[in-house]
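See structure below.
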Amino acid sequence: MNTTAIDLLTEKLKNAPQSVLERVIGYIDALVEPQNSKPYSLSKEQQQILDSQLDSSKDAYTDAETLYDDLKKKYEL
1 MNTTAIDLLT EKLKNAPQSV LERVIGYIDA LVEPQNSKPY SLSKEQQQIL DSQLDSSKDA
61 YTDAETLYDD LKKKYEL
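Just so we're aligned: 52 in the UniProt record's numbering is position 52 of the sequence shown, and the numbers increase by one with no gaps anywhere.
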């Protein structure tokens, strides 16, 4: 990052409250975190199930909104 950008950030954040600084730091941490890291792990079986669905037809699945509406009707919510 060039000096001008750092100076601009410093000037904008100079009088910012602590809560804003914490949010900015969190945002920066998220940006520089490796993109391929997952906050979870799958078993081999789970990964195989997901992999087997990669080439599935989208017609084989139910739309989430339709499913939600059907559940609301079924359970009278």
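We treat Cβ as the ideally placed atom computed from N, Cα and C, and that holds for glycine.
Keep in mind that this is a model prediction, so the values were computed, not measured.
- When the Cα atoms are used, K72 and T62 turn out to be separated by approximately 15 angstroms.
- Taking 8 angstroms as the cut-off, the Cβ atoms of L13 and V24 count as close.
- Taking the Cα positions, T4 is about 18 angstroms away from I28.
- DSSP places Y68 inside the alpha helix (DSSP H), whose first and last residues are 64-74.
- In the three-state reduction of the DSSP assignment, A16 falls in the coil class, being assigned neither a helical nor a strand state.
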